[in-house]
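Visitor: Sharing a structure here in structure tokens format.
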Amino acid sequence: MLLPIKGLQKTTLIDYPGKVAASVFLGGCNFRCSYCHNPQLVLADSNLPNLPSEAILSFLKERQGFLDGICVTGGEPLLYPELKFFLTEVKALGFLVKVDTNGSFPKRLQELVEERLVDYVAMDIKAPKEKYKEVAKTEIDFEKINESAFYLLASDISYEFRTTVFSNLTLEDFISIGKWLEGAQRYYLQVVKTDVPLLDQGFAAEHRPPSKEYLEQVANYLRSFFREVGIRD
């Protein structure tokens, strides 16, 4: 199976912390979060043609010395075992690699880390355990999520956990997440987007972005659990 590369952002200063990077977007996801702002990617829209991996690698060769690395996002990149072979070629060009994941493929995550094919992992934490299925809108094997999270907690790779903040998650939910992932390197609160097309077209009518005051309140509670806590718009 070819890697379903659906898009390339040639330069980003925000997606890979502290680095100048390009972002590679893969189609397809095993979650169906209502607030997802990449619905075409999640559904692997056939109107989005695949970009050949060779074209991405050719672009990267031209950007050696300018770009520090790439971000591989989606969708869910770890759906595809073929990702390993693409990243092997990216690393051979000397680039750093950041991978975004929902954590549902722990063995593939471990393989990439242990073979040094990834340098930074951003794992989405959807909710505390009891609300995971409600937020992801699909059947969840929470033990796989937990395995990925605890693998990162125990590893020496750079990583972050991040949660999209919306009205169904309470302060108590975030405290539960803090207790679950206590000691993590970095944890970010992400403001839900309601001004762009979402997977659930009715979501924006039912949910408003959280206030700055509420985000600061949650962040202050979480600073006792994590080494670094931030808020992202």
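Residue 4 is where the sequence shown starts when you use the working numbering, and the numbers rise one by one after that. All C-beta atoms, glycine included, are put in the ideal place defined by N, C-alpha and C.
(1) Confirm, please, whether the CB-CB distance from Ala152 to Met126 is below 8 Å.
(2) Which runs of the alpha helix (DSSP H) at least 4 residues long sit entirely within the region 23-100? Give them in chain order.
(3) So what does DSSP say about Ile143, is it helix, strand or coil?
(4) Following the continuous alpha helix (DSSP H) through Asp176, name the residue where it begins and the one where it ends.
(5) Does the Cβ of Leu96 have 16 or more other Cβ atoms within 10 Å, making it buried, or fewer, making it exposed?
(6) Since Leu99 and Asp122 are thought to touch, with beta carbons under 8 Å apart, how far apart are those beta carbons, to the nearest angstrom?
(7) Assuming contact is defined by CB atoms lying nearer than 8 Å, are Gly106 and Gly77 in contact in what I supplied?
(8) What do you reckon, are the CB atoms on Pro84 and Glu150 nearer than 8 Å?
(9) Measure how close the beta-carbons of Val75 and Leu5 come, nearest whole angstrom, since I'm counting them as under 8 Å.
(10) Less than 8 Å between the C-beta atoms of Lys94 and Leu120, yes or no?
(11) Between the Cα of Pro7 and those of Pro200, Lys140, Ala47, spot the shortest distance and give me the residue it belongs to.
(12) Can you give me the start and stop residues for the beta strand (DSSP E) that Glu163 sits inside?
(13) Taking Ala222 as the reference, give the member of Ile234, Gln188, Leu172 with the closest Cα.
(14) Can you name, in chain order, every residue of its own chain whose Cβ lies under 8 Å from the Cβ of Arg165, other than the five neighbours on each side?
(15) Between Tyr38 and Thr167, how many whole angstroms is the CB-CB distance? I'm expecting something under 8 Å.
(16) For Leu174, does the count of other Cβ atoms within 10 angstroms reach 16, so buried, or fall short, so exposed?
(17) Can you check which of these residues, Ile59, Leu172, Gln43, Asn53, is closest to Ala25 by C-alpha distance?
(18) Where DSSP assigns a beta bridge to Gln12, which residues make up the other side?
(19) With C-beta atoms as the reference, is Ala139 less than 8 Å away from Arg35?
Guide: The structure says:
(1) Here residue 126 refers to the residue found at position 123 of the sequence shown. Here residue 152 refers to the residue found at position 149 of the sequence shown. The answer is yes: Cβ separation under 8 Å.
(2) Runs of alpha helix (DSSP H) with 4 or more residues, each lying fully within the region 23-100, are found at 42-45, 56-65, 86-95, listed in chain order.
(3) Locating residue 143 in the sequence shown gives position 140, where the first residue counts as 1. Coil, per DSSP.
(4) Counting from one through the sequence shown, the residue named residue 176 turns up at place 173. Start and end: 174-183.
(5) Position 93 of the sequence shown, counted from the start, is the residue given in the question as residue 96. Exposed.
(6) Taking the first residue of the sequence shown as position 1, residue 99 is located at position 96. Taking the first residue of the sequence shown as position 1, residue 122 is located at position 119. Between Asp122 and Leu99 the Cβ distance is about 5 Å, and since that is below 8 Å, they are a contact.
(7) On the sequence shown, position 103 is the one that residue 106 refers to. On the sequence shown, position 74 is the one that residue 77 refers to. In this structure, the beta-carbon distance from Gly106 to Gly77 does not fall below 8 Å.
(8) The residue labelled residue 84 in the question sits at position 81 within the sequence shown. The residue labelled residue 150 in the question sits at position 147 within the sequence shown. Between Pro84 and Glu150, the gap from beta carbon to beta carbon reaches 8 Å or more.
(9) Position 72 of the sequence shown, counted from the start, is the residue given in the question as residue 75. Position 2 of the sequence shown, counted from the start, is the residue given in the question as residue 5. About 15 Å; that fails the 8 Å criterion.
(10) Residue 94 sits at position 91 when you count from the first residue of the sequence shown. Residue 120 sits at position 117 when you count from the first residue of the sequence shown. The answer is yes: Cβ separation under 8 Å.
(11) Mapped onto the sequence shown, residue 7 falls at position 4. Between Pro7 and the set Pro200, Lys140, Ala47, the nearest pair of CA atoms involves Ala47.
(12) Position 160 of the sequence shown, counted from the start, is the residue given in the question as residue 163. For Glu163, the uninterrupted beta strand (DSSP E) segment begins and ends at 161-168.
(13) Here residue 222 corresponds to residue number 219 of the sequence shown, with the count starting at 1. Minimum Cα distance to Ala222 is reached at Ile234.
(14) Position 162 of the sequence shown, counted from the start, is the residue given in the question as residue 165. Cβ neighbours of Arg165 beyond the five flanking positions: Ala125, Met126, Asp127, Ile128, Tyr190, Tyr191, Leu192, Gln193, Arg235.
(15) On the sequence shown, position 35 is the one that residue 38 refers to. On the sequence shown, position 164 is the one that residue 167 refers to. Tyr38 to Thr167, Cβ: 6 Å. Contact.
(16) Walking along the sequence shown from the start, residue 174 turns up at place 171. So Leu174 counts as exposed.
(17) Translated into positions along the sequence shown, residue 25 becomes position 22. The residue with the shortest Cα to Cα distance from Ala25 is Ile59.
(18) Taking the first residue of the sequence shown as position 1, residue 12 is located at position 9. Listed as beta-bridge partners of Gln12 by DSSP are Ser26.
(19) Counting from 1 along the sequence shown, the entry for residue 139 is found at position 136. Counting from 1 along the sequence shown, the entry for residue 35 is found at position 32. In this structure, Arg35 lies closer than 8 Å to Ala139 by Cβ.
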